[in-house]
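Please read the structure below before turning to the comments.
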Amino acid sequence: MVVKRPFAKGNTADLYRCEHHVVKVFKEYLPKTEALYEAQKQQLAYSTGLRVPRVEDVIEVEGRQAIVMEYIEGKPIGRLLLKNEQQDEFYIRVCVDVHVEIHQIQPEFESLEPMTNKLHRQVNVAGLEKDVKEVLLNRLASIQFEPRLCHGDFHPNNVLIHGENVTIIDWVDATVGDRRADVARTYILIAQSSLPLAEQYLKIYCERAGVVEEEIYQWIPIVAAARLSEHLESESAEMLKEILYKHLKYLS
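Residue numbering for the sequence shown follows our numbering, beginning at 1 and increasing consecutively.
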């Protein structure tokens, strides 16, 4: 397979267009199982009937692991939000509708990691005081929820739109867990660029899904702590800590 210049570059992979396919070529430093790991999750999501790019193959490109998937036309909603601020509510509602659709799925996939296991592991290694970690881990262990499919990294740049068709990409962080935690993650990701948009997203999601905002607030410090384990730039880490400590009161 011949690939030319990437049309998008990320922290873990570069994306190439190859006829009717997209080839996601992973960075050399990642584990050799990374492409297969992500491909399996994406194919599971595809099998539920969600609009997700179909995985065609897992290959090697010039010594780097890669996923070959179908090309689906669309622009990232995150990019459209930047260019069309007057339409922010429309685009947020599109994202919310898709997020709610994901959360309606009660998966029976043994291959998907439980969200609580992943969060516990991440909080444990986050750069926080020991007593704060204890509070977060104790609450994590006590929250009751109905397991749902969770994207794990749902934000407007992972939602493509073309006409009336909306596609969800980047499923490597998918888990089975509490939908409220998944929304907390989205809130945090959007808040790091725009707090007003994050608040708008949370409000619309809660209205659409019949969830009380305080139920998501209790997840925010836990999910913020987990994100601190992702080796972020110092500025982003400080902002995350502000969000974390601001919402600690919802754990009492």
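Heads up, the beta-carbon is just placed ideally off N, CA and C, and yes, glycines get one too.
Just so it is clear, the structure is predicted and the values come from calculations on it, not from any experiment.
Alpha carbon to alpha carbon, how far is residue j from residue i? Give it in angstroms, no decimals.
{"i": "Y16", "j": "P31", "result": "21 Å"}
{"i": "H103", "j": "R208", "result": "12 Å"}
{"i": "T167", "j": "F154", "result": "12 Å"}
{"i": "M184", "j": "Y217", "result": "A small fix is needed here, since residue 184 is Ala in this sequence, not Met. Roughly 7 Å between the two C-alpha positions."}
{"i": "E34", "j": "V52", "result": "19 Å"}
{"i": "R93", "j": "Y201", "result": "8 Å"}
{"i": "Q40", "j": "V23", "result": "15 Å"}
{"i": "L128", "j": "A237", "result": "11 Å"}
{"i": "D131", "j": "V61", "result": "47 Å"}
{"i": "L140", "j": "H99", "result": "22 Å"}
{"i": "L44", "j": "F109", "result": "8 Å"}
{"i": "F145", "j": "C18", "result": "42 Å"}
{"i": "E113", "j": "E89", "result": "33 Å"}
{"i": "T175", "j": "L36", "result": "16 Å"}
{"i": "L195", "j": "L160", "result": "22 Å"}
{"i": "L81", "j": "Y91", "result": "7 Å"}
{"i": "G10", "j": "H21", "result": "18 Å"}
{"i": "L137", "j": "S111", "result": "24 Å"}
{"i": "M69", "j": "I77", "result": "20 Å"}
{"i": "K75", "j": "I59", "result": "26 Å"}
{"i": "N84", "j": "K203", "result": "20 Å"}
Going along the chain, which residues of its own chain have a beta-carbon closer than 8 Å to the beta-carbon of residue i, five neighbours each way excluded?
{"i": "E214", "result": "Y250"}
{"i": "I188", "result": "A198, I220, V223, A224, R227, L240 and I243"}
{"i": "V135", "result": "L248 and L251"}
Within a Cβ cutoff of 7 Å, which residues of the same chain sit near residue i, ignoring the five residues on either side of it in sequence?
{"i": "T12", "result": "F26, K27 and L30"}
{"i": "Q192", "result": "S236 and M239"}
{"i": "M115", "result": "C150, T175, V176, G177, D178 and A181"}
Which residues mark the beginning and the end of the beta strand (DSSP E) in which residue i is found?
{"i": "F26", "result": "H21 to F26"}
{"i": "R17", "result": "A13 to C18"}
Could you tell me whether any Cβ in chain C is nearer than 9 Å to the Cβ of residue i?
{"i": "R121", "result": "Going by chain labels, chain C is absent from the structure shown, which holds only one protein chain."}
Please classify residue i as buried or exposed, where buried requires at least 16 neighbouring CB atoms within 10 angstroms.
{"i": "R5", "result": "exposed"}
{"i": "Y71", "result": "exposed"}
{"i": "R79", "result": "exposed"}
{"i": "R148", "result": "buried"}
{"i": "A121", "result": "The displayed chain sequence assigns Arg, not Ala, to residue 121. Classification of R121: exposed, given that the 10 Å Cβ count is below 16."}
{"i": "T231", "result": "It should be pointed out that residue 231 corresponds to His in this sequence rather than to Thr. Per the 10 Å Cβ criterion, exposed."}
{"i": "G152", "result": "buried"}
{"i": "P156", "result": "buried"}
{"i": "E164", "result": "exposed"}
{"i": "Q87", "result": "exposed"}
{"i": "H49", "result": "Note that residue 49 is Gly in the sequence shown here, rather than His. By the neighbour-count rule (16 or more Cβ atoms within 10 Å), G49 is not buried but exposed."}
{"i": "G63", "result": "exposed"}
{"i": "E38", "result": "buried"}
{"i": "V212", "result": "exposed"}
{"i": "A66", "result": "buried"}
{"i": "D57", "result": "exposed"}
Note down, in chain order, each residue of its chain lying with its Cβ closer than 6 Å to the Cβ of residue i, except the 5 sequence neighbours on either side.
{"i": "E73", "result": "H162"}
{"i": "Y205", "result": "V96 and V183"}
{"i": "S229", "result": "Q122, V125 and A126"}
{"i": "R180", "result": "E215, I216 and W219"}
{"i": "D173", "result": "G152 and D153"}
{"i": "I169", "result": "N158"}
Please determine whether the Cβ atom of residue i lies at a distance below 8 Å from any heavy atom of the ligand ATP.
{"i": "H20", "result": "Ligands are entirely absent from the displayed structure, and the ligand ATP is therefore not among its contents."}
At 4 residues or longer, and completely inside the segment 191-237: list those alpha helix (DSSP H) runs for me, N to C.
-> 195-209, 213-217 and 220-227
Return the chain-ordered ranges of every beta strand (DSSP E) run that is complete within the segment 30-104 and spans a minimum of 3 residues.
-> 55-61 and 64-70
Which whole runs of the beta strand (DSSP E) in the segment 99-185 are 3 residues long or more, in chain order?
-> 148-150, 159-162, 165-168 and 175-177
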